[in-house]
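Structure first, commentary second.
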Amino acid sequence: MNKRIIVYILGWVLIVEGVAMQVCTLTSFIYREHEGLYFLITGAVSAAVGVFCVKFKKQKNMVLYQKAGFSATALSWILLSLVGCLPFWLSGEIPVFTDALFETVSGFTTTGATILTEVEKLSHGMLMWRSLMNWLGGMGVIVFLLALIPKLGGQQNIFLMKAESPGPIIGKAVPHMRTYAALLYGIYFGLTALECTLLLCGGMEFFDAINTSFATAGTGGFGVRNTNMAAYHGYYLQTVIAVFMMLFGVNFSFYILLIARKFKQAFKITELWFYLGIIVLSTIIIGINIIPRYHDVREAFHQSFFYVSSIITTTGFGIGDVNDWPMLSKAIILIITFIGAMAGSTGGGFKVSRIVLLAKEVKKEVKLLIHPRNVRAVKMDGKAVDHNIMRTTSVFLVLYLMIFIGSFLLVSIEGKDFVTSFTSIAATLNNTGPGMSLVGPVGNYATFTHFSKFVMMFDMLAGRLEIFPIIILFAPSIWKKV
Numbered sequence: 011m012n013k014r015i016i017v018y019i020l021g022w023v024l025i026v027e028g029v030a031m032q033v034c035t036l037t038s039f040i041y042r043e044h045e046g047l048y049f050l051i052t053g054a055v056s057a058a059v060g061v062f063c064v065k066f067k068k069q070k071n072m073v074l075y076q077k078a079g080f081s082a083t084a085l086s087w088i089l090l091s092l093v094g095c096l097p098f099w100l101s102g103e104i105p106v107f108t109d110a111l112f113e114t115v116s117g118f119t120t121t122g123a124t125i126l127t128e129v130e131k132l133s134h135g136m137l138m139w140r141s142l143m144n145w146l147g148g149m150g151v152i153v154f155l156l157a158l159i160p161k162l163g164g165q166q167n168i169f170l171m172k173a174e175s176p177g178p179i180i181g182k183a184v185p186h187m188r189t190y191a192a193l194l195y196g197i198y199f200g201l202t203a204l205e206c207t208l209l210l211c212g213g214m215e216f217f218d219a220i221n222t223s224f225a226t227a228g229t230g231g232f233g234v235r236n237t238n239m240a241a242y243h244g245y246y247l248q249t250v251i252a253v254f255m256m257l258f259g260v261n262f263s264f265y266i267l268l269i270a271r272k273f274k275q276a277f278k279i280t281e282l283w284f285y286l287g288i289i290v291l292s293t294i295i296i297g298i299n300i301i302p303r304y305h306d307v308r309e310a311f312h313q314s315f316f317y318v319s320s321i322i323t324t325t326g327f328g329i330g331d332v333n334d335w336p337m338l339s340k341a342i343i344l345i346i347t348f349i350g351a352m353a354g355s356t357g358g359g360f361k362v363s364r365i366v367l368l369a370k371e372v373k374k375e376v377k378l379l380i381h382p383r384n385v386r387a388v389k390m391d392g393k394a395v396d397h398n399i400m401r402t403t404s405v406f407l408v409l410y411l412m413i414f415i416g417s418f419l420l421v422s423i424e425g426k427d428f429v430t431s432f433t434s435i436a437a438t439l440n441n442t443g444p445g446m447s448l449v450g451p452v453g454n455y456a457t458f459t460h461f462s463k464f465v466m467m468f469d470m471l472a473g474r475l476e477i478f479p480i481i482i483l484f485a486p487s488i489w490k491k492v
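Going by the numbering used here, the letters in the sequence shown line up with residues 11 to 492, in that order.
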């Protein structure tokens, strides 16, 4: 374990976070709010400590191997959250440290679960920080560093990318890591700017438009209004948001292929069609099911598409209370909470690709029972899937279930109703944000105990980092000198 490189990476993470905070300092200055002082001081100290870490005992060999790459990524996200919560706590806008940390972890992991009962009471600088955390966490700070720092762009540092990028289909096929990371952020920024422009064209205020675009891009779901997206009346604004949630739930490799004009290859991605198929089918079923509630076909399907797009991409925006929906619709919403978005997107969840891979593996095993002598391989996009990917997918499923069950039991100690406890873990582990009952779109997580909040913070980090980077921190052997 090369600990000096880990310190070097953590230093750059602190620098990036310190600089990002100055956006909120500027926001507070524009709105003449004194809270900007907390961002200025915290950001300056963070950047100064980061510079010290980067310059102190600089390492010549910058190659990271898997255990160091995974450890550095997990520690980076923990450090981001610990530093990022300080402005909330020091300013007194979120006076309890556990709550401030919960809000920050939720922001960076793009979960969108909140302890705030009245969002609009926050200053503009704090609201901007919540949305900016969503945006930074969506594509990932480590991916940003790979695009920014030449020394971190080596081929072997793909382990940093694998540790932070969601989904199982990221391999050694990436030719130039720094170019690839820069391209990802270029597309990310472009889509964010396009959404903001369309929202402004629809009459949304600039502050709301930029914050909504940040939260949509990161599939984070932090809004700046107490009523969330229901505050923006009319079909146009809500439909733009719903469409962009869906777009940010797509694997960014699809957009790269489109830019490269490899249209045939782009539209042959199996996961894309499953993802779109789930959205269409869920929207139709829910739309038909809730027509009696809205007494208007157009409104029913609008509500259906918005929520399906919001939940499958794990964004968590809301325009009403799904607790009032029929049981069939709520069941579908819960199912797609677990499924999640595509691998390589900014969305969370189990990922569509893993569902497809496991389904293909089951199909293969059934056929082998019927024809034992046949040699079959699981294929994705016309290519045989590597055995290591299938093995990792199976192990991921086991760990996922173990964490979910363990977390559910721990939170159940608190004594809340089954739906609240179950969906709160489903929403935090899958980085969705809103669950049902007390933690539904019109509820929040404020009533949970500190213990339950720490359990859910662990789940949010484990869900965003795909479990393995967080789990590896608890293995004592990785910290021993070889």
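Here a beta-carbon is modelled for each residue, glycine too, at the ideal position from N, C-alpha and C.
| Check | Outcome |
| --- | --- |
| Cα-Cα separation between residue 20 and residue 365, rounded to whole angstroms | 34 angstroms |
| Chain-order list of residues whose beta-carbon lies under 7 angstroms from that of residue 13 (same chain, five-residue window excluded) | none |
| Residue 448 versus residue 130 - alpha carbon distance | 20 angstroms |
| Pick from 227, 251, 151 and 50 that is closest to residue 201, judged by C-alpha positions | 227 |
| Host alpha helix (DSSP H) of residue 154 (start-end) | 151-158 |
| C-alpha distance - residue 204 paired with residue 371, whole-angstrom precision | 39 angstroms |
| Delimiting residues of the alpha helix (DSSP H) encompassing residue 343 | 337-349 |
| Other residues of its chain near residue 477: CB distance less than 8 angstroms, five sequence neighbours each side excluded | 406, 409, 410 and 413 |
| Three-state secondary structure assigned by DSSP to residue 393 | strand |
| Sequence-distant residues of the same chain with beta carbon closer than 8 angstroms to residue 84, five excluded per side | 173, 471, 475, 479, 480, 482 and 483 |
| First through last residue of the alpha helix (DSSP H) which encompasses residue 29 | 13-40 |
| N- and C-terminal bounds of the alpha helix (DSSP H) containing residue 238 | Careful: residue 238 lies outside any alpha helix (DSSP H) and carries neither H nor E. |
| Whole-angstrom distance between residue 325 and residue 225, CA atom to CA atom | 8 angstroms |
| Residue range of the alpha helix (DSSP H) that includes residue 318 | 307-322 |
| Below-7 angstroms beta-carbon distance, residue 406 vs any chain C residue | The structure shown contains no chain C; it holds only a single protein chain. |
| Per-residue DSSP class, three states only, for residue 405 | helix |
| For residue 112 and residue 467, the rounded distance between their alpha carbons | 6 angstroms |
| DSSP state of residue 442 mapped onto helix, strand, coil | coil |
| Start-end ranges of the alpha helix (DSSP H) lying completely within the segment 75-141, minimum 4 residues | 76-94, 96-101 and 107-118 |
| Buried or exposed (CB count within 10 angstroms, at least 16 for buried), residue 337 | exposed |
| Whole runs of the alpha helix (DSSP H) within the segment 183-268, excluding any shorter than 4 residues | 187-211, 216-227 and 245-258 |
| Segment contact, 8 angstroms Cβ cut-off, at least three pairs: the segment 96-115 with the segment 420-432 | no |
| Buried or exposed (CB count within 10 angstroms, at least 16 for buried), residue 387 | exposed |
| Spatial distance of residue 266 from residue 110 (CA atoms) | 37 angstroms |
| Residue closest to residue 263, alpha-carbon to alpha-carbon, out of 287, 235 and 192 | 192 |
| Length of the line joining the Cα atoms of residue 460 and residue 278 | 47 angstroms |
| Span of the alpha helix (DSSP H), counted from its first residue to its last, around residue 467 | 460-474 |
| Three-state secondary structure assigned by DSSP to residue 451 | coil |
| Chain-order list of residues whose beta-carbon lies under 7 angstroms from that of residue 241 (same chain, five-residue window excluded) | 235 |
| Close-in-space but distant-in-sequence residues of the same chain around residue 342 (CB under 7 angstroms, 5 per side omitted) | 292, 295 and 296 |
| Three-state secondary structure assigned by DSSP to residue 483 | coil |
| Local Cβ density within 10 Å of residue 469, reported as buried at 16 or more and exposed below that | buried |
| Helix, strand or coil at residue 277 [DSSP, three-state] | coil |
| Coil, strand or helix - residue 166 by DSSP | Note that residue 166 has pLDDT 49, beneath the 50 cutoff, so the model's placement of it is unreliable and the number below is only indicative. Residue 166 falls in the helix class under three-state DSSP. |
| Where residue 424 sits in the DSSP three-state scheme | coil |
| Sub-7 angstroms separation of residue 48 and residue 134 beta-carbons | no |
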